[in-house]
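A.B. asks: In my numbering, the protein residues as written are 159 to 650.
Glycine included, every Cβ here is placed at the ideal spot set by N, Cα and C.
Take this structure first; my questions come after.
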């Protein structure tokens with residue numbers, strides 16, 4: 159395992175070069191069992207270097223990946239990053255107008271893909287060239303009409319595109335050293351060794367799959383099963399066939415799996431834990447999954463701005479706190495409150511660190527956190543600061559810290575429901591609904607109300623065997639009589 163203390167000195171290309179003589183599979187396809195070894199990836203990276211040199215693609219040039227095949231994505235991702243180029247991973251299944259908009263924003267020198275892309279309207283003089291990629295090496299498919307500016311600022315290794323849920327759309331630039339350090343922290347926290355094998359059916363164009371998946375395998379010498387998509391019907395078959403020791407999941411994956419037939423528990427005998435990230439995991443889903451499989455769930459929290467993992471529960475089951483996303487890993491974290499005009503006042507209340515148990519906005523600070531965003535303004539790309547003047551980045555997530563530093567998330571800061579001056583979060587109501595017999599899924603949103611301003615409305619999916627109709631109420635339950643309710647008919 160690569161020690162965290164040396165991660166800042168490591169390079170992804172250097173790691174790959176050092177593993178080129180190691181035997182055995184590094185990455186396996188969950189659908190056909192095909193594998194790439196570290197020697198295969200090192201050879202593919204050399205092919206990328208040769209083609210880049212022949213085509214005059216300079217270090218720092220951006221390469222957009224629009225790749226559906228998981229092993230082809232892995233080979234291309236390492237080929238780009240290991241050679242000092244900047245990878246821009248995009249959703250290969252995005253609708254053509256959305257993909258075209260992403261490609262324009264990416265300002266890539268090269269677009270690498272494993273399939274024809276139909277229906278793109280990019281305008282005259284396509285400012286990049288097309289490369290065709292497979293599981294071994296890239297090849298030129300079409301030259302560019304005219305070349306755009308080729309290099310990225312700050313020598314970044316990955317540019318991940320944000321849809322703008324926390325403001326205007328932006329690019330999040332991650333340096334190679336930041337990616338390597340994050341992967342080393344994850345490998346260390348999860349105690350990954352060359353004897354481990356992960357299973358990650360998560361979208362490869364997301365930071366989780368790239369850092370928690372691909373790079374933590376490289377950092378530790380472990381192997382990883384990758385899949386083109388998540389398929390609940392065959393998930394446990396893949397586990398039985400390829401025998402992973404840990405599972406990389408999100409709440410939606412766990413929620414789908416707990417509705418499947420009980421698996422052959424022998425197929426899960428090697429699994430040490432299932433890691434959950436991306437969003438808050440309902441406690442009922444956690445409980446059901448652990449009872450169904452006998453596999454403990456490790457709740458975590460991450461952000462692209464921190465190259466994935468921010469917090470994680472301890473690996474020891476006795477130290478985990480269900481419902482909490484755990485302790486900060488490798489960075490500073492705090493919760494602040496205030497910043498809103500006080501009732502009846504005209505002056506802005508200054509933000510201050512929250513006391514234990516007090517709800518506020520989650521903020522991050524440290525070398526693991528990005529300093530800048532890339533945004534387009536007036537048709538030009540520019541850098542804007544990602545942190546405040548004191549070095550803290552506001553995540554937009556709402557939560558609280560307990561006395562021992564465990565973080566408990568409640569939702570986004572703009573998700574708060576204000577019912578006649580009483581403020582609470584959708585998750586508080588959703589957890590009550592999820593504990594009701596017969597409830598499969600529950601989601602709560604605010605709705606305008608002429609007298610109270612807002613009231614919570616719950617959308618509930620009922621288990622098929624729950625009966626003809628179910629009346630659900632979440633009034634009270636520690637919410638001050640919020641009165642959220644939903645009547646849902648069972649599916650026919």
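1) I'd like the list of long-range same chain contacts for residue 551, defined as Cβ closer than 8 angstroms, with 5 residues on each side in sequence excluded.
2) Closest to residue 651 by CA distance: which of 250, 349, 320 and 195 is it?
3) Near residue 367, which residues of its chain fall below 7 angstroms by C-beta distance, leaving aside the five closest residues on each side in sequence?
4) Looking only at C-alpha atoms, which of 399, 219 and 492 sits nearest to residue 548?
5) So who's on the other strand from residue 331, going by DSSP bridges?
6) By the DSSP assignment, the beta strand (DSSP E) with residue 458 in it spans what residues?
7) Let me check understanding here. Comparing Cα to Cα, which of 483, 388 and 375 lies closest to residue 444?
8) Which stretch, first to last residue, makes up the alpha helix (DSSP H) that contains residue 180?
9) Using DSSP with H/G/I as helix, E/B as strand and the rest coil, what is residue 401?
10) Can you tell me whether residue 422 is buried or exposed, with buried defined as 16 or more other CB within 10 angstroms of its CB?
11) With which residues is residue 225 paired in a DSSP beta bridge?
12) What's the call for residue 285, buried or exposed, on a 16-neighbour Cβ count within 10 Å?
13) At the level of alpha carbons, what is the spacing between residue 468 and residue 461?
14) So, are the CB atoms of residue 231 and residue 223 less than 8 angstroms apart?
15) Hey, could you find the ends of the alpha helix (DSSP H) residue 196 is sitting in?
16) Could you spell out the range, first to last residue, of the beta strand (DSSP E) harbouring residue 479?
17) Using CA atoms only, rank isn't needed, just tell me which of 244, 253 and 440 is closest to residue 270.
18) Taking all protein chains shown into account, decide if residue 564 is buried (16 or more other Cβ within 10 angstroms of its Cβ) or exposed.
19) If I'm right that residue 228 touches residue 385 with Cβ under 8 angstroms, what's the distance once you round it to whole angstroms?
20) When we look at the beta-carbon of residue 251 and count the other beta-carbons within 10 Å, is it buried (16 or more) or exposed?
21) Can you have a look at residue 190 and say buried or exposed, based on whether 16 or more other CB atoms are within 10 angstroms of its CB?
22) What does residue 297 pair with, by DSSP beta-bridge criteria?
23) Kindly indicate which residue of 408, 278 and 346 has the alpha-carbon position closest to the one of residue 437.
24) Within its chain, find whatever has a CB closer than 8 angstroms to the CB of residue 308; leave out the 5 residues flanking it on each side and keep chain order.
25) Out of 239, 247 and 419, which one is the CA nearest neighbour of residue 336?
26) When the Cα atoms are used, what is the spatial distance from residue 233 to residue 298?
27) On the DSSP letters alone, give me the boundaries of the beta strand (DSSP E) that residue 559 sits inside.
28) Leaving out five residues before and five after residue 570 in sequence, what residues of the same chain have Cβ atoms less than 7 angstroms from its Cβ?
29) Between which two residues does the alpha helix (DSSP H) containing residue 446 stretch?
30) Please report the Cβ distance between residue 341 and residue 377, rounded to the nearest whole angstrom; I am assuming they are in contact, meaning their Cβ atoms lie under 8 angstroms.
31) Does residue 457 pass the burial test, meaning 16 or more other C-beta atoms within 10 Å, or should it be called exposed?
32) Hey, residue 432 and residue 455: beta-carbon distance below 8 angstroms or not?
33) Buried or exposed: which applies to residue 181, given that a residue is buried once 16 or more other Cβ atoms fall within 10 Å of its Cβ?
34) Hey, residue 485 and residue 447 are a contact pair by Cβ (cut 8 angstroms); roughly how many whole angstroms apart?
35) Anyone know if the C-beta pair for residue 278 and residue 257 falls short of 8 angstroms?
36) From which residue to which residue does the beta strand (DSSP E) around residue 382 run?
C.D. replies: For this structure:
1) By one-based count along the chain shown, residue 551 stands at place 393. Once the five neighbours on either side are set aside, the close Cβ partners of residue 551 are 463, 521, 522, 523, 527, 528, 544 and 545.
2) Residue 651 lies beyond the residue range present for the chain, which begins at 159 and ends at 650; the question has no answer from this structure.
3) In the chain shown, residue 367 corresponds to position 209, counting from 1. If the five residues before and after residue 367 are omitted, its C-beta is found closer than 7 angstroms to the C-beta atoms of 358, 360 and 361, all from its own chain and listed in chain order.
4) In the chain shown, residue 548 corresponds to position 390, counting from 1. Checked all of 399, 219 and 492; the closest Cα to residue 548 is 492.
5) The residue labelled residue 331 in the question sits at position 173 within the chain shown. DSSP, once it has assigned bridges, lists 317 as partnering residue 331.
6) As a working note, residue 458 is residue 300 in the chain shown. 455-461 is the span of the beta strand (DSSP E), which, as asked, contains residue 458.
7) Within the chain shown, the letter at position 286 stands for residue 444. Residue 483 holds the alpha-carbon nearest to the alpha-carbon of residue 444 among 483, 388 and 375.
8) Here residue 180 is taken as the residue at index 22 of the chain shown, counted from 1. Looking at the DSSP string, residue 180 is not in any alpha helix (DSSP H), and its letter there is neither H nor E.
9) Taking the chain shown and counting its residues from 1, the one referred to as residue 401 is at position 243. Reduced to three states, the DSSP call for residue 401 is coil.
10) Within the chain shown, numbered from 1, the residue matching residue 422 stands at position 264. By the 10 Å Cβ count, residue 422 comes out exposed.
11) As a working note, residue 225 is residue 67 in the chain shown. According to DSSP, residue 225 shares a beta bridge with no other residue.
12) Taking the chain shown and counting its residues from 1, the one referred to as residue 285 is at position 127. The residue is buried, with at least 16 neighbouring Cβ atoms inside 10 Å.
13) Mapped onto the chain shown, residue 468 falls at position 310. Mapped onto the chain shown, residue 461 falls at position 303. Cα to Cα, residue 468 sits roughly 7 angstroms from residue 461.
14) For this step, residue 231 is matched to residue 73 along the chain shown. For this step, residue 223 is matched to residue 65 along the chain shown. Yes; because the gap between Cβ atoms is below 8 angstroms, this pair is in contact.
15) Walking along the chain shown from the start, residue 196 turns up at place 38. Segment 196-213, the alpha helix (DSSP H) holding residue 196.
16) The residue you call residue 479 lines up with position 321 of the chain shown. No beta strand (DSSP E) contains residue 479, which DSSP labels as neither H nor E.
17) Within the chain shown, the letter at position 112 stands for residue 270. Of 244, 253 and 440, the residue nearest in Cα terms is 244.
18) Here residue 564 refers to the residue found at position 406 of the chain shown. Flag for residue 564 reads buried.
19) Taking the chain shown and counting its residues from 1, one reaches residue 228 at position 70. Taking the chain shown and counting its residues from 1, one reaches residue 385 at position 227. Right, the Cβ-Cβ distance comes to about 6 angstroms (below 8 angstroms), so this counts as a contact.
20) Here residue 251 refers to the residue found at position 93 when the chain shown is read from its first residue. It counts as exposed.
21) By 1-based counting over the chain shown, the position of residue 190 is 32. Exposed is the call here.
22) Position 139 of the chain shown, counting from 1, holds the residue named residue 297. Bridge partners of residue 297: 290.
23) The sequence position of residue 437 within the chain shown is 279, counting from 1. Answer by Cα proximity: 408.
24) Residue numbering aside, residue 308 sits at position 150 when the chain shown is read from its first letter. Its pLDDT being 43, under 50, residue 308 is placed unreliably by the model, and the measurement read from it follows with that caveat. Only 215, 216, 218, 219, 220 and 267 meet the Cβ criterion.
25) Taking the chain shown and counting its residues from 1, the one referred to as residue 336 is at position 178. Comparing Cα-Cα distances from residue 336 to each of 239, 247 and 419, the minimum goes to 239.
26) Numbered from 1 along the chain shown, position 75 holds the residue referred to as residue 233. Numbered from 1 along the chain shown, position 140 holds the residue referred to as residue 298. Rounded to the nearest angstrom, the two C-alpha atoms are 16 angstroms apart.
27) Stepping through the chain shown from its first residue, residue 559 is reached at position 401. The continuous beta strand (DSSP E) containing residue 559 extends over residues 551-559.
28) If you number the chain shown from 1, residue 570 lands on position 412. Only 554, 555 and 556 meet the Cβ criterion.
29) Numbered from 1 along the chain shown, position 288 holds the residue referred to as residue 446. From DSSP, the alpha helix (DSSP H) with residue 446 extends over 441-451.
30) On the chain shown, residue 341 is found 183 positions in, with the first residue counted as 1. On the chain shown, residue 377 is found 219 positions in, with the first residue counted as 1. That pair is a contact at about 4 angstroms.
31) Taking the first residue of the chain shown as 1, we reach residue 457 at position 299. Counting Cβ neighbours within 10 Å, residue 457 comes out buried, since at least 16 surround it.
32) Numbered from 1 along the chain shown, position 274 holds the residue referred to as residue 432. Numbered from 1 along the chain shown, position 297 holds the residue referred to as residue 455. Yes, Cβ-Cβ distance for residue 432 and residue 455 is below 8 angstroms.
33) Sequence index remark: in the chain shown, residue 181 carries index 23 (1-based). With a 10 Å radius around the Cβ and a threshold of 16 neighbouring Cβ atoms, residue 181 comes out exposed.
34) Position 327 of the chain shown, counted from the start, is the residue given in the question as residue 485. Position 289 of the chain shown, counted from the start, is the residue given in the question as residue 447. Rounded to the nearest angstrom, the Cβ distance from residue 485 to residue 447 is 22 angstroms, too far for a contact under 8 angstroms.
35) Taking the chain shown and counting its residues from 1, one reaches residue 278 at position 120. Taking the chain shown and counting its residues from 1, one reaches residue 257 at position 99. Yes. Within cutoff.
36) One-based indexing of the chain shown puts residue 382 at position 224. First-last of the beta strand (DSSP E) with residue 382: 381-384.
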